[in-house]
Amino acid sequence: MLQSLHIRNFALIEQLDIEFKEGVTVFTGETGAGKSILLDALGIALGDRAAVDYVRTDTKEFFVTAQFDVTDMPSVQTYCNEQNIPLVDDEPLIISRRLSQTGKGQILVNGMLTSLRTLAGLGSLLVDIHGQNDNLKLQSDRYQLHVLDTFNRDGRQPEEIYHKAYQTWQQAVQRQRKFLEQEEERETLLARLNKEVREISAVKINPEKDTDIEAEIKRLTHAEKITAALQMASQLLNASGGSLETISQALNELQKASSFDEALLASVQTLETAFYNVEEVARNLQESLYTIEYSPERLDQLQERAQLLRDLRLKYGDTLEEILVYQATIQKKIMELENAQETGDALAQAAAAAFQEAQTARDAWNETRYRAAAELSGEIEIALRDLDLPNGNLSYSLIPGDTLTPQGLAEAELVFSANVGEPPKSLSEVGSGGELARISLALKTVLAAQMDLPTLVLDEIDVGISGNAALRVAERIHTLGQHTQVICITHLAQTAAIAQTHYHLYKESSGGRTQTHLVSIPESERAQELARLIEGDRFTGTTLDTVTRWLQYFRAKNKL
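Below you can see the structure in the form of structure tokens.
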């Protein structure tokens, strides 16, 4: 629960120190006295965004501190542990915020610097502020569904299961959509790869044979020159007086001389080897001359093939081996692309299966919603009877729809009838502000136990209500305050009468400055204060008697 709120240099507030107790605390005051500013300061302590406009004129910064007792709040303790916020057993939780005129701010939770996001998460667990706009928010279908899901405790696990199944289905649909979007791209790629395979296959590359093509082209191109050179070389070796005959004669003479000088034997052997080598060369030349063929047709064929191989190298690889590796790679890719239809069928089946699973999970979740809607409607109708709407009928219209949605429903709205014989209509069509306020309060009181919030702030929730209905609303708030700390901003004397603690806000101008002040109304002066709320300073004795009876009534209820 909220224990205290300290405010410095905030808008019209120079300094306020407010202590809070259990039960109902009421703030009253004239319009413009600073009640909204007080709530703004509390909201900033709970994580609302702060603006430099809030810094009081001629001051450097504002400062807001809120202190909470979180002893019996396991959700807050868990959150603080997750965020590494220090908590000491039986010690209060203290939130401090400051903001300077330059826009520099600081957030401290139990002395630790904290981000605004972390503070907002913590604030949502500490206090529920119900403002005047919440009555209008009640007309939103989305908010009405949020109310139902808050009440539906049995739906927590089914909701989690559905959201996971819904996400799985969305992912499956996305994969299928992406596959279909790439269909044209796959067909284009398949056509190109097939063309490349045909082009490479048509050449029938044989690395062992094709490697020698250039050499053979060179031989055929210069066949005449080769023949002439071989003929000349052969003639020089074999002709009379040629190299063979000369070496043979030299060898005979050297052999003769070696019979007289053994030192010449080595030269004989060397020359003899040379003779045989030259003789072998001469024979080879003759054989080569017999094998040389010049075929223009063969040369044309080889040159054409060589060009084909050069074209392939330019496109697919520097060597024939690299071209063959590329061919194998794209053939594998072609198989994958040709099997894409099977992939598409598998993706479609996966998406259909995921849809079915999500639909089943949605139906299971909505079953808990239907039960919760009936229970919630019944409890709200009981609350409405206590709020002077004895014939109020409120029910949910829930339509799942054929498609899946993140919220699991195509339509969800509250319909209301205030009187017997009137057909129910959407809350967005309810024109009475008083009816909306009472419906909103009925919802808030029914949901209070579900939300586990120890502190509830009601900002003029009784707007548009008067007379007996206002007294019934006050009784309902009083009942709520018996198990929840309620802080109530009101202009109604009926609501103010229920307070265990009553504060009055007023503003005063002095020395050219205006500031908001706060006074605690003692029990002995409360009747006069309530009478002023009804008739101003010139209240009648009858009014004083009426509010005195109200106070006596609620004092008696407080003692029960």
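Residue numbering for the sequence shown follows this note's numbering, starting at 1 and increasing by one per position. Every residue, glycine too, gets a C-beta built ideally from N, C-alpha and C.
Query: Out of 545, 456 and 247, which has the shortest C-alpha to C-alpha gap to residue 279?; Result: 247
Query: Please determine if the stretch 549-559 and the stretch 68-78 are in contact, where contact requires at least 3 C-beta pairs separated by less than 8 Å.; Result: no
Query: Between the C-alpha atoms of residue 217 and residue 178, what's the straight-line distance to the nearest angstrom?; Result: 53 Å
Query: Under the rule that 16 or more other beta-carbon atoms within 10 Å means buried, what is residue 434, buried or exposed?; Result: buried
Query: If we count the other Cβ atoms within 10 Å of its Cβ and call it buried at 16 or more, is residue 414 buried or exposed?; Result: buried
Query: List the residues that DSSP assigns as beta-bridge partners of residue 108.; Result: 96 and 113
Query: Going straight from the alpha carbon of residue 33 to that of residue 462, what length do you get?; Result: 19 Å
Query: When you compare the CB positions of residue 10 and residue 41, do they come within less than 8 Å of one another, or not?; Result: yes
Query: Closest by CA to residue 353, which one among 429, 35, 165 and 397?; Result: 165
Query: Under the three-state reduction of DSSP, which class applies to residue 481: helix, strand or coil?; Result: coil
Query: For residue 127, which of 492, 448, 476 and 511 has the nearest alpha-carbon?; Result: 448
Query: Comparing alpha-carbon positions, which option in 274, 428 and 330 lies nearest residue 201?; Result: 330
Query: Does the distance from the C-beta atom of residue 464 to that of residue 437 stay below 8 Å?; Result: yes
Query: If we require 4 or more residues per run, which alpha helix (DSSP H) segments fall completely within the stretch 265-293?; Result: 265-291
Query: Using a Cβ-Cβ cutoff of less than 8 Å, which residues in the same chain neighbour residue 180 once the five nearest sequence positions on both sides are dropped?; Result: 344
Query: Would residue 494 be called buried (16 or more neighbouring beta carbons within 10 Å of its own) or exposed?; Result: buried
Query: Throw me the rounded Cβ distance for the residue 444 and residue 130 pair, which I believe falls under 8 Å.; Result: 6 Å
Query: Tell me which residues share the same chain as residue 303 and place their Cβ nearer than 8 Å to its Cβ, disregarding the 5 neighbours each side in the sequence.; Result: 217
Query: Please confirm if the stretch 138-156 is in contact with the stretch 473-489, defined as three or more CB-CB distances below 8 Å between the two stretches.; Result: no
Query: Quick one: what's got a C-beta closer than 6 Å to residue 139's C-beta in the same chain, skipping five residues either side?; Result: 427 and 428
Query: With DSSP run on the structure shown, which of helix, strand or coil describes residue 491?; Result: coil
Query: For residue 501, does the three-state DSSP call read helix, strand or coil?; Result: strand
Query: Looking at the strands, I want to know which residues DSSP matches up with residue 513.; Result: 510
Query: Report the rounded CA-to-CA distance for residue 55 versus residue 120, giving the unit in angstroms.; Result: 21 Å
Query: Is it right to say residue 392 is buried, meaning 16 or more other beta carbons lie within 10 angstroms of its own, or is it exposed?; Result: buried
Query: According to DSSP, simplified to helix, strand and coil, what is residue 426?; Result: strand
Query: Keeping to the same chain, check which residues put their C-beta closer than 7 Å to that of residue 272; ignore five residues upstream and five downstream.; Result: 251
Query: State the Cα-Cα distance for the pair residue 327 and residue 319, rounded to the nearest angstrom.; Result: 13 Å
Query: Which residues in the same chain have their Cβ closer than 6 Å to the Cβ of residue 67, if we skip the five residues on either side of it in sequence?; Result: 3, 4, 92 and 94
Query: Could you say which of 418, 291, 372 and 155 lies nearest to residue 387 if we only look at CA atoms?; Result: 418
Query: Using only the alpha-carbon positions, how far apart do residue 64 and residue 52 sit?; Result: 14 Å
Query: Within the same chain, show all residues whose beta-carbon is closer than 6 Å to that of residue 521, passing over the 5 residues directly before and after it, in chain order.; Result: 502, 504 and 529
Query: Looking at the structure shown, is residue 29 part of a helix, part of a strand, or coil, going by DSSP?; Result: strand
Query: Contact defined as beta carbons within less than 8 Å: I believe residue 339 pairs with residue 409. What is the distance between those atoms, to the nearest angstrom?; Result: So it is not a contact: roughly 40 Å between Cβ atoms.
Query: Nearest CA to the CA of residue 517: which residue from 22, 111, 27 and 378?; Result: 27
Query: Would you say residue 457 and residue 487 are within 8 Å of each other, going by their C-beta atoms?; Result: yes
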